[in-house]
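Q: Here this note's numbering runs 1009 ahead of the position in the sequence shown, where the first position is 1.
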Amino acid sequence: MAIIRPLLGKVPRIGEGTFLAETAVVIGDVEIGRDCSVWYHVVIRGDVHFIRIGDRTNVQDGAILHCTYQKAPLVIGNEVTIGHGAIVHGCTIGNRVLVGMGAIVLDHAEVPDEVLIAAGALVPQGARLESGYLYAGVPARPIKPLSTEQRESLLQYASRYVLYKSWYAEGGFPQADFSGLAGSGSQVGQRPS
């Protein structure tokens, strides 16, 4: 069961249909919307300011969400994907945004709707990104406008994670049927030839 801990009189509020992995930690002044997923080893620490997360947003394994004392809350919109190992700190993120694996978004940065932040990118403190662009690099810079396909993929990523969390919420992810492999020489986890 996830660690959900009140702090200084603030109790995390978790929306209907939201999945919290067993090793996720949610502390303090945190509100998470409906149909979200918070995966393994994620830390969402609303101890020094508030954190608000919209609906159908997924926070993938090992991500850290935090804020700065009395200066920078964290606000994340709807249908956002926060990739594995990302750090999102005291900033504002719009709707249908992807923060790539290992990316860092710092205090007071403003990420509007429909932005793709590449894996490993660093969005510096106070940066103001423009909607509809792919950002990459250290510091993150606009690389190119998003194609129609890339814009659509932002919603698709979020939708996939609504599906994935449903597998876990229903008692575990789907198990492969290995009954047909008996005597075939295949090892568990390998595809039969």
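We put the beta carbon where it would ideally sit given N, CA and C, even for glycine.
Within the same chain, show all residues whose beta-carbon is closer than 7 Å to that of Gly-1026, passing over the 5 residues directly before and after it, in chain order.
A: Indexing the sequence shown from 1 puts residue 1026 at position 17. Contacts found: Arg-1043, Asp-1044.
Q: Which residue comes first and which comes last in the alpha helix (DSSP H) that contains Leu-1172?
A: Against the sequence shown, residue 1172 aligns to sequence position 163. Per DSSP, Leu-1172 belongs to the alpha helix (DSSP H) from 1157-1178.
Q: What would DSSP say about Asn-1087, mapped onto helix, strand or coil?
A: Within the sequence shown, the letter at position 78 stands for residue 1087. Three-state result, Asn-1087: coil.
Q: Please report the straight-line C-alpha distance between Gln-1079 and Pro-1133, rounded to a whole angstrom.
A: Taking the sequence shown and counting its residues from 1, the one referred to as residue 1079 is at position 70. Taking the sequence shown and counting its residues from 1, the one referred to as residue 1133 is at position 124. Roughly 19 Å between the two C-alpha positions.
Q: Determine the extent of the beta strand (DSSP E) in which Glu-1040 is found, giving its start and end residues.
A: On the sequence shown, residue 1040 is found 31 positions in, with the first residue counted as 1. Element bounds for Glu-1040: 1034-1041.
Q: For Tyr-1142, report the span of its beta strand (DSSP E) as first-last.
A: Position 133 of the sequence shown, counting from 1, holds the residue named residue 1142. Per DSSP, Tyr-1142 belongs to the beta strand (DSSP E) from 1142-1145.
Q: Distance, Cα to Cα, Val-1035 vs Glu-1088?
A: Residue 1035 sits at position 26 when you count from the first residue of the sequence shown. Residue 1088 sits at position 79 when you count from the first residue of the sequence shown. The straight-line gap from Cα to Cα measures roughly 19 Å.
Q: Asp-1038 to Arg-1150, Cα distance in whole Å?
A: If you number the sequence shown from 1, residue 1038 lands on position 29. If you number the sequence shown from 1, residue 1150 lands on position 141. Roughly 32 Å between the two C-alpha positions.
Q: Quick one, are the C-beta atoms of Val-1051 and Ala-1072 less than 8 Å apart?
A: Here residue 1051 corresponds to residue number 42 of the sequence shown, with the count starting at 1. Here residue 1072 corresponds to residue number 63 of the sequence shown, with the count starting at 1. Yes. Within cutoff.
Q: Helix, strand or coil for Asp-1186? Go by DSSP, reduced to three states.
A: Taking the first residue of the sequence shown as 1, we reach residue 1186 at position 177. Residue placement at Asp-1186 is flagged as unreliable, the pLDDT there being 41, under the threshold of 50; the coordinate-derived value follows with that caveat. Asp-1186: coil per DSSP, three-state reduction.
Q: Output the distance between the C-alpha atoms of Val-1197 and Ala-1136, rounded to the nearest integer angstrom.
A: The sequence position of residue 1197 within the sequence shown is 188, counting from 1. The sequence position of residue 1136 within the sequence shown is 127, counting from 1. With a pLDDT of only 34 at Val-1197, under 50, the local geometry of the prediction cannot be trusted, and no value is derived from it.
Q: In whole angstroms, what separates the C-alpha of Ser-1175 from that of Phe-1028?
A: On the sequence shown, position 166 is the one that residue 1175 refers to. On the sequence shown, position 19 is the one that residue 1028 refers to. Going from the Cα of Ser-1175 to the Cα of Phe-1028 covers about 8 Å.
Q: Anyone know if the C-beta pair for Val-1084 and Arg-1061 falls short of 8 Å?
A: To locate residue 1084, count along the sequence shown from 1; it is residue 75. To locate residue 1061, count along the sequence shown from 1; it is residue 52. Yes, the Cβ-Cβ distance between Val-1084 and Arg-1061 is below 8 Å.
Q: Please classify Gly-1086: is it buried, with 16 or more other beta-carbons within 10 angstroms of its beta-carbon, or exposed?
A: Here the question's residue 1086 lines up with position 77 in the sequence shown. By the neighbour-count rule (16 or more Cβ atoms within 10 Å), Gly-1086 is buried.
Q: Looking at Thr-1090 and Ala-1167, is the spacing between their C-beta atoms short of 8 Å?
A: Sequence index remark: in the sequence shown, residue 1167 carries index 158 (1-based). Sequence index remark: in the sequence shown, residue 1090 carries index 81 (1-based). Yes, Cβ-Cβ distance for Ala-1167 and Thr-1090 is below 8 Å.
Q: Which residue from Ser-1140, Ala-1118, Gly-1109, Gly-1111 puts its Cα closest to that of His-1098?
A: As a position in the sequence shown, residue 1098 is number 89, starting the count at 1. It is Ala-1118.
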